[in-house]
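Under our numbering, think of the first position of the sequence shown as 1, with each following residue one higher.
This report refers to the structure that appears directly beneath it.
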Amino acid sequence: MPSLFKIPITRLSGVGPKKQKLFEKLKIHSIGDLIRFYPRTYEDWSEPYTIENAPDNTPCCVCARIDRAYPPAHIRGGMTLLKVGVCDEENYMTITFFNQQYVYDKLRDGGEFLFYGIVKRSGGHYEMTAPAVSDIGDACIHPIYQQTAGLTTKQIEAAVKQAIKMLPEKINDPLPQDIMNKYGLCPLDKALYSIHFPESLDEVERARRRFAFEEMLVLQLGLARLKGGSRKETACMKITRDYTEEFFSLLPFEPTGAQKRAVSQCIGDMTENVYPMNRLIQGDVGSGKTAVAAAVCYSAVKNGMQCAFMAPTEILAKQHFDSLSYLFEGMKINAALLTGSVTAAKKRLIYESLENGETDIVIGTHALISDNVKFRSLGLVITDEQHRFGVAQRAALISKGESPHIMVMSATPIPRTLALMIFGDLDLSVLDEMPPGRQKIDTYLIDSGKRFRAYGFLKKQIDNGNQCYIVCPLVEDNESDLKSAQEYIKLLAGTPLAGCRTALLHGKMKAKDKNEIMESFVSGKTDVLVSTTVIEVGVNVPNATIMMIENAERFGLSQLHQLRGRVGRGKDRSYCILVSDKQSDNTRQRLSVMCHTNNGFKIADEDLKLRGPGDFFGSRQHGLPELKIASMSDMDILESTQEAARRILDEDPGLELRKNRGLDFETKRLFDKAGGEQLQ
Ligand code: ADP
Ligand code: MG
Numbered sequence: 001m002p003s004l005f006k007i008p009i010t011r012l013s014g015v016g017p018k019k020q021k022l023f024e025k026l027k028i029h030s031i032g033d034l035i036r037f038y039p040r041t042y043e044d045w046s047e048p049y050t051i052e053n054a055p056d057n058t059p060c061c062v063c064a065r066i067d068r069a070y071p072p073a074h075i076r077g078g079m080t081l082l083k084v085g086v087c088d089e090e091n092y093m094t095i096t097f098f099n100q101q102y103v104y105d106k107l108r109d110g111g112e113f114l115f116y117g118i119v120k121r122s123g124g125h126y127e128m129t130a131p132a133v134s135d136i137g138d139a140c141i142h143p144i145y146q147q148t149a150g151l152t153t154k155q156i157e158a159a160v161k162q163a164i165k166m167l168p169e170k171i172n173d174p175l176p177q178d179i180m181n182k183y184g185l186c187p188l189d190k191a192l193y194s195i196h197f198p199e200s201l202d203e204v205e206r207a208r209r210r211f212a213f214e215e216m217l218v219l220q221l222g223l224a225r226l227k228g229g230s231r232k233e234t235a236c237m238k239i240t241r242d243y244t245e246e247f248f249s250l251l252p253f254e255p256t257g258a259q260k261r262a263v264s265q266c267i268g269d270m271t272e273n274v275y276p277m278n279r280l281i282q283g284d285v286g287s288g289k290t291a292v293a294a295a296v297c298y299s300a301v302k303n304g305m306q307c308a309f310m311a312p313t314e315i316l317a318k319q320h321f322d323s324l325s326y327l328f329e330g331m332k333i334n335a336a337l338l339t340g341s342v343t344a345a346k347k348r349l350i351y352e353s354l355e356n357g358e359t360d361i362v363i364g365t366h367a368l369i370s371d372n373v374k375f376r377s378l379g380l381v382i383t384d385e386q387h388r389f390g391v392a393q394r395a396a397l398i399s400k401g402e403s404p405h406i407m408v409m410s411a412t413p414i415p416r417t418l419a420l421m422i423f424g425d426l427d428l429s430v431l432d433e434m435p436p437g438r439q440k441i442d443t444y445l446i447d448s449g450k451r452f453r454a455y456g457f458l459k460k461q462i463d464n465g466n467q468c469y470i471v472c473p474l475v476e477d478n479e480s481d482l483k484s485a486q487e488y489i490k491l492l493a494g495t496p497l498a499g500c501r502t503a504l505l506h507g508k509m510k511a512k513d514k515n516e517i518m519e520s521f522v523s524g525k526t527d528v529l530v531s532t533t534v535i536e537v538g539v540n541v542p543n544a545t546i547m548m549i550e551n552a553e554r555f556g557l558s559q560l561h562q563l564r565g566r567v568g569r570g571k572d573r574s575y576c577i578l579v580s581d582k583q584s585d586n587t588r589q590r591l592s593v594m595c596h597t598n599n600g601f602k603i604a605d606e607d608l609k610l611r612g613p614g615d616f617f618g619s620r621q622h623g624l625p626e627l628k629i630a631s632m633s634d635m636d637i638l639e640s641t642q643e644a645a646r647r648i649l650d651e652d653p654g655l656e657l658r659k660n661r662g663l664d665f666e667t668k669r670l671f672d673k674a675g676g677e678q679l680q
């Protein structure tokens, strides 16, 4: 029997070239595609309601007897209004159809039928408009498929029914038996039947779990292969004694529970594992990632390792250096800052002290990758991922040690599920708790009519000695937009902000100019920084207390959150003003999320719900294939599949064993479809 994915859909009766085109619109080319085309939702006709018990405002199935058919009425626009009266033991209901003569003809002869729709109550009167109608023999759960013009869900259902009948007695299940047993999953044939033609919604859920598991497992395996296999056992430096308590006792503050958890997970990785640590620390802006890094560095250094900490820009490297120096105050740790602008003489000293092991921690930019940088015993590499280093750059730093432990820090609060999918076998620690006493940033949504008043408010902050950001959403590579930013600054002359010291920062500037503008803002020489989104790449100016964001509707919520995180970093109360003239409910609802919460993970979840995972990063830059059935809330399934993927790859890295052939096939299929990198 050839693969089901090779049998064309035209093999089904009733599917000719015309229908084939329509199926192809739904990306269904083969019988295999069709049986894997899962219903979008279900209509439960299995236990019909009485007219009286039908739930409010929810489509449901009602069983009733035809009482009478009213004469057709012709209304404007050539429409025909067709009405029937139906009843059950207790109640009477009128049902209206438009133009559906054939339904009407069927009903006018009388008898009992099932009606699927919303029962409306007005006074003691019941009504339904344009319900779906079926014979009472059809009391079951109906699958509802995504349809396309010319191809209805009913027609797809019929095609699936045929296709399922064509399946051989024993079909190849891509999931190995031992995996199914271990995770309590139902076999493919049963699951296929249940997902399309279930007898109960519980059955649907069992089938859905199995398919979601399969989908995520295949995804994990595919990602692991793209990255060159699962992690390898290697000799790496180990922590034999944990100095965390000592470090914490020397800190000027009490670490949060989340920080403690993250540190102990890292120390665990560096103590027990036969693999070097490979962990992502994810925490919202201000959640205290630096202290986590410092704690881990402390134990690493005390156990004889050197640490390298790489940041994407000079400003950030300097800031990390300052915060680490502050945290290490009074502890015997030698830290150095190595960036492009350090003098040659000083650089030479740093190179020397790294090579002979005097410097414990070096913090810097790409300058760390230079061939001159050699370590005596590099044991831990930390990168700040805000600006994503290229794989090659990170690899270059890592290669300066012998399988050093790796820690990546990210301030993008990606929902946990998505993070695990993208980062695959990277372990994840989430800092989901803020240090105490953080004040929330008061956020307001206004329209441009109130902009002038908002400028007045900005001016007040400046008069108090604070600074402001104004963000304009510009397409960086569009000349006319750039002009409009310069125009924008000119326009400020006619507002309460006239006379304030303003500067413009945009992505097309040379790095040197950008640095200058930024330095001048950091040192308080600029009052208002008008900028494109380049400031998203985290700088810390505690004196900036207000941010105004123009055309806020053009940003994703997570991006707005990142931007807003630039204020509220000092002791003063801080504000964010979102300016938008978009009146649609959707926009208002989206932006109002910002006014109601400061929790980055909540915002990310909302963003994900509203925009879907594909759009989460603005574009599909993560290159993930689309998920058909697994959802972002399937956290437990995702965790199980991570474990399963590891288990499978440990035993059979090439997926060559007979029992894993199905998985091998499916990973290739998934990633081929994604059009991404080809699997070997
Ligand atoms: P981010 O996660 O954005 O990198 P930082 O590590 O820069 O956050 O921490 C932000 C600020 O919070 C720093 O000034 C740091 O000293 C302080 N901080 C970190 N952890 C705590 C804590 N547990 N209690 C109080 N302040 C803390
Ligand atoms: Mg930080």
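For every residue, glycine included, the Cβ atom is placed at its ideal position computed from N, Cα and C.
Where residue i falls, given that 16 or more other Cβ within 10 Å makes a residue buried
i, result
"A395", "exposed"
"L81", "exposed"
"V690", "Shown here, the chain extends from 1 to 680; a query on residue 690 therefore has no answer."
"M277", "buried"
"T545", "buried"
"N181", "exposed"
"N660", "buried"
"N466", "buried"
Reference residue i; option with closest CA among the options
i, options, result
"F197", "K182, P143 and T244", "P143"
"G117", "N543, L426, N57 and V103", "N57"
"A683", "K25, P17, R669 and L337", "With the chain represented from 1 up to 680, any question about residue 683 goes unanswered, as that position is not in the structure."
"E157", "G556, V15 and A335", "V15"
"T339", "G330, I350, E329 and I333", "I350"
"K374", "K154, E205, S353 and Q393", "S353"
"P71", "I95, P59 and G77", "I95"
"A708", "R279, I637, L324 and G654", "In the structure as shown, the chain starts at 1 and stops at 680, and residue 708 therefore has no counterpart that could be examined."
"G333", "T313, I363 and K318", "Before going on, a small fix: residue 333 reads as Ile here, not Gly. The shortest C-alpha separation from I333 is found at I363."
"L188", "R209, D202, S200 and L201", "R209"
"E358", "S370, I369 and A335", "A335"
"K260", "D581, M434 and Y49", "M434"
"A139", "L426, S46 and K347", "S46"
"A511", "R348, Y575, R121 and E314", "E314"
"T290", "E272, M305, G268 and P255", "P255"
"P436", "G124, A258 and I369", "A258"
Rounded distance between the beta-carbons of residue j and residue i, thought under 8 Å
i, j, result
"C307", "G379", "7 Å"
"D360", "V301", "4 Å"
"C500", "Y488", "Going by Cβ atoms, the distance from C500 to Y488 rounds to 14 Å, so no, they are not a contact pair."
"M518", "L560", "Incorrect: roughly 21 Å between the Cβ atoms, too far for contact."
"T502", "V541", "So it is not a contact: roughly 15 Å between Cβ atoms."
"L458", "L505", "No, L458 and L505 are not in contact; Cβ-Cβ is about 17 Å, not under 8 Å."
"C236", "H366", "Actually they are not in contact, since the Cβ atoms of C236 and H366 sit about 25 Å apart, beyond 8 Å."
"I136", "Y42", "Not quite, the Cβ-Cβ distance comes to about 19 Å (not below 8 Å), so this is no contact."
"A207", "C186", "7 Å"
"M79", "F97", "Not quite, the Cβ-Cβ distance comes to about 10 Å (not below 8 Å), so this is no contact."
"V528", "I470", "6 Å"
"M741", "Y298", "The chain is shown only over 1 to 680; residue 741 falls outside these bounds and no answer can be derived."
"A681", "T532", "An answer regarding residue 681 cannot be provided, because it is not within the stretch 1 to 680 covered by the chain."
Residue i vs residue j beta-carbon contact at 8 Å
i, j, result
"P174", "E214", "yes"
"L431", "Q562", "no"
"T667", "L4", "no"
"N543", "G568", "no"
"N172", "T240", "no"
"V522", "M548", "no"
"V86", "R65", "yes"
"L251", "L327", "yes"
"C63", "D88", "yes"
"Y145", "F37", "yes"
"R279", "S410", "no"
"I31", "I7", "yes"
"I51", "M93", "yes"
"S134", "L151", "no"
Let me know the alpha helix (DSSP H) ranges lying completely inside the segment 531-580, each 4 residues or longer, listed in chain order. 557-564
Those runs of the beta strand (DSSP E) which lie wholly inside the segment 117-142 and span at least 3 residues: 120-122, 125-129 and 132-135
Residue ranges of each alpha helix (DSSP H) within the segment 40-122, 4 or longer: 101-108
Please go through the segment 331-379 and give each complete alpha helix (DSSP H) segment of 4 or more residues, from N-terminal end onward. 344-355
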